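Participant: Sequential numbering from 3 applies to the sequence shown in my numbering.
The beta carbon of each residue, even a glycine, is placed where N, CA and C say it ideally should be.
These numbers come from a predicted model, not from an experiment.
Quick one: structure below, then a few questions.
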Amino acid sequence: MRVLTIILFVSIGLFAQADRDAGALKAGVGIDEHLGSNVTLDLSFYDENGQQVHLRDYFGADKPVVIAPVYYKCPGFCSTILNGLTTALNNEELKLGEDFTVLAISFNPDENHELALEKAKNYYAMLEGQVGPGNWHFLTGNPSQIQTVMQELGFRYKRIGNEFSHASMLAILSPTGAISRYLYGVTFPKRDFHLGLVEASEGKIGTTIDQFLVYCYRFNQETGTYTVVAMRVLRIGGILTLLVMGTFGYFLWKKDPSNKRRIRENAN
Numbered sequence: 003m004r005v006l007t008i009i010l011f012v013s014i015g016l017f018a019q020a021d022r023d024a025g026a027l028k029a030g031v032g033i034d035e036h037l038g039s040n041v042t043l044d045l046s047f048y049d050e051n052g053q054q055v056h057l058r059d060y061f062g063a064d065k066p067v068v069i070a071p072v073y074y075k076c077p078g079f080c081s082t083i084l085n086g087l088t089t090a091l092n093n094e095e096l097k098l099g100e101d102f103t104v105l106a107i108s109f110n111p112d113e114n115h116e117l118a119l120e121k122a123k124n125y126y127a128m129l130e131g132q133v134g135p136g137n138w139h140f141l142t143g144n145p146s147q148i149q150t151v152m153q154e155l156g157f158r159y160k161r162i163g164n165e166f167s168h169a170s171m172l173a174i175l176s177p178t179g180a181i182s183r184y185l186y187g188v189t190f191p192k193r194d195f196h197l198g199l200v201e202a203s204e205g206k207i208g209t210t211i212d213q214f215l216v217y218c219y220r221f222n223q224e225t226g227t228y229t230v231v232a233m234r235v236l237r238i239g240g241i242l243t244l245l246v247m248g249t250f251g252y253f254l255w256k257k258d259p260s261n262k263r264r265i266r267e268n269a270n
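Listed below in C-alpha cells is the structure:
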C-alpha cells in the first residue's frame, strides 16, 4: 500500500511538472490581431534564390498577399500549415501570381536561402495547374527584420533550444500592405480562403458573384470562418423581388392594347 501511495504521489508530481512545462512553452505565444494595420514594406529579406528583396517587391498591382509565418526545419506544425496552404491553392479559382501572391516567411534567423529553396521545390512540385516560381516565395532574414514583421503581424512565438513554440495561421494582406484577414489552423476551407482574398483585394479581383458573397458573408471571429449575414441576404432578396415584380409589371403594361394606343396618341 505504501509503495502504491509513493507511486501515486510521484505520478501526480510528474503530471504537474508536465503542465508547468507546457505552460512555459505557451507563455508569450499566440496571435494578436492587427486588422487594418500596415506592415513595413521596406523590410528586406532573402528569397529562395538568395536574392535580397523587400516586401514592397511583392505588393501593388491590385494583388493581395498571403503570408504564412513558419520555419523550414519545424518538426511539427509548419509542414502541416504549408500542406494546408497548398491544398487551398490547388482548390482556389483565382490564379496564384495573376491574382495574388504567397509568401512563406521563416521566423528562424538561423535558416538560409538554401534551406528555403529546398522547401520551395517540395511545394512547387505539389501545386496542380499553378506556376510555382515567381508566385510563391520562401523568405529568410536577419533577426531584426524578422522580429519587426512578426510583431506587425501580431505573431508571437518563443524559441526553445533549436525549436520554436508558435501558433498556426495565415495572414491575408491588401495590395497596400494592410492586414485584412487572419485564417487560423492548419487547414483552410475553400470558401474562407477565397473570400479572404476577394475581401483583401477591395473588389479588385473576383467576379460579381464574389462581391455579392463578400457582402452577404461576414467573418466570424469566434468561429474563425465566414458566416451568412441573414439581414443582408434578406435585403438583397427584397431588392431582387422588387426588380422582378417591376419588370414583370412593365411588360404586362406594354402588352395591354389600350396602353399601346395611348402611346401612339401621345406621340401624335
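State buried or exposed for K192, treating a residue as buried only when at least 16 other CB atoms are found within 10 Å of its CB.
Facilitator: As a position in the sequence shown, residue 192 is number 190, starting the count at 1. Under this definition K192 is an exposed residue.
Participant: Using three-state DSSP, classify Q153 as helix, strand or coil.
Facilitator: The count along the sequence shown starts at 1 and reaches residue 153 at position 151. DSSP places Q153 in helix when its eight states are reduced to three.
Participant: Determine the DSSP secondary structure at N93, reduced to helix, strand or coil.
Facilitator: Numbered from its first residue, the sequence shown carries residue 93 at position 91. DSSP places N93 in helix when its eight states are reduced to three.
Participant: Going by Cα to Cα distance, which pick from N51, S81 and R58 is closest to N40?
Facilitator: Locating residue 40 in the sequence shown gives position 38, counting from the first residue. Among N51, S81 and R58, the Cα nearest to that of N40 is on R58.
Participant: Could you pull the DSSP bridge partners for R161 from this structure?
Facilitator: Taking the first residue of the sequence shown as position 1, residue 161 is located at position 159. R161 pairs with F166.
Participant: Tell me which residue opens and which closes the alpha helix (DSSP H) that A202 is part of.
Facilitator: Along the sequence shown, read from residue 1 onward, the residue named residue 202 stands at position 200. Looking at the DSSP string, the run of the alpha helix (DSSP H) that includes A202 is K192 to A202.
Participant: Which one or two residues does DSSP pair with N40 in a beta bridge?
Facilitator: Within the sequence shown, numbered from 1, the residue matching residue 40 stands at position 38. According to DSSP, which records beta bridges pairwise, N40 is partnered with A180.
Participant: Would you report the Cα separation of P71 and I148, rounded to the nearest angstrom?
Facilitator: Indexing the sequence shown from 1 puts residue 71 at position 69. Indexing the sequence shown from 1 puts residue 148 at position 146. Their Cα atoms are separated by approximately 10 angstroms.
Participant: Going by the beta-carbon positions, is the gap between S176 and E154 smaller than 9 angstroms?
Facilitator: The residue given as residue 176 occupies position 174 in the sequence shown. The residue given as residue 154 occupies position 152 in the sequence shown. Going by C-beta atoms, S176 is not nearer than 9 angstroms to E154.
Participant: Over the uninterrupted beta strand (DSSP E) stretch that includes L276, give me the two end residues.
Facilitator: The shown model of the chain, from 3 to 270, leaves out residue 276, and the question about it has no answer.
Participant: What are the partner residues of I107, as DSSP defines its beta bridges?
Facilitator: Along the sequence shown, read from residue 1 onward, the residue named residue 107 stands at position 105. According to DSSP, I107 bridges with P71 and L141.
Participant: Just confirm the distance between the C-beta atoms of F190 and L172, as a whole number of angstroms; I'd bet it's less than 8 angstroms.
Facilitator: For the purposes of this step, residue 190 is identified with residue 188 of the sequence shown, where counting begins at 1. For the purposes of this step, residue 172 is identified with residue 170 of the sequence shown, where counting begins at 1. The Cβ separation is near 7 angstroms, so the contact holds.
Participant: Return helix, strand or coil for G62, following the three-state DSSP convention.
Facilitator: As a working note, residue 62 is residue 60 in the sequence shown. Of the three classes helix, strand and coil, the one that applies to G62 here is coil, per DSSP.
Participant: Nearest CA to the CA of I162: which residue from H115, G179 and N110?
Facilitator: The residue labelled residue 162 in the question sits at position 160 within the sequence shown. Selected option, being the one with the closest Cα: N110.
Participant: So, are the CB atoms of S182 and A202 less than 9 angstroms apart?
Facilitator: Looking up residue 182 in the sequence shown gives position 180. Looking up residue 202 in the sequence shown gives position 200. Against a cut-off of 9 angstroms, the Cβ pair of A202 and S182 comes out as a contact.
Participant: If you draw a straight line from the C-alpha of G198 to the C-alpha of D112, how long is it?
Facilitator: Taking the first residue of the sequence shown as 1, we reach residue 198 at position 196. Taking the first residue of the sequence shown as 1, we reach residue 112 at position 110. Distance between the alpha carbons of G198 and D112: 32 angstroms.
Participant: Could you spell out the range, first to last residue, of the beta strand (DSSP E) harbouring V55?
Facilitator: As a first step, residue 55 must be located in the sequence shown, where it is residue number 53. Run containing V55: Q54 to H56, per the beta strand (DSSP E) assignment.
Participant: Could you pull out every residue in the same chain whose Cβ sits closer than 7 angstroms to the Cβ of T142, ignoring the five residues on either side in sequence?
Facilitator: Translated into the one-based positions of the sequence shown, residue 142 becomes position 140. Excluding residues within five positions, the ones whose Cβ falls inside 7 angstroms are F47, Y48, S108, E113, N114, H115 and A118.
Participant: Helix, strand or coil for G32, going by three-state DSSP, please let me know.
Facilitator: Taking the first residue of the sequence shown as 1, we reach residue 32 at position 30. The answer is strand: DSSP assigns G32 an E or B state.
Participant: Could you give the C-beta distance for H196 and L96, rounded to a whole number, given that I count them as a contact under 8 angstroms?
Facilitator: In the sequence shown, the residue the question calls residue 196 occupies position 194. In the sequence shown, the residue the question calls residue 96 occupies position 94. Indeed they touch by this definition, with Cβ atoms about 7 angstroms apart.
Participant: Please report the distance separating the alpha-carbon of D44 from that of N85.
Facilitator: In the sequence shown, counting from the first residue as 1, residue 44 sits at position 42. In the sequence shown, counting from the first residue as 1, residue 85 sits at position 83. Roughly 29 angstroms separates the two Cα atoms.
Participant: Using the rule of at least 16 other Cβ atoms within 10 Å of the residue's Cβ for burial, across every protein chain shown, is A90 buried or exposed?
Facilitator: Taking the sequence shown and counting its residues from 1, the one referred to as residue 90 is at position 88. With 16 or more Cβ atoms within 10 Å of its Cβ, A90 is classed as buried.
Participant: Would F79 and V188 qualify as a contact pair, given that the criterion is a beta-carbon distance under 9 angstroms?
Facilitator: Along the sequence shown, one-based indexing puts residue 79 at 77. Along the sequence shown, one-based indexing puts residue 188 at 186. A contact, by the Cβ cut-off of 9 angstroms.
Participant: Applying the 10 Å Cβ sphere with the 16-neighbour rule, what's the burial state of T103?
Facilitator: As a position in the sequence shown, residue 103 is number 101, starting the count at 1. It is buried - the Cβ of T103 has at least 16 other Cβ atoms within 10 Å.
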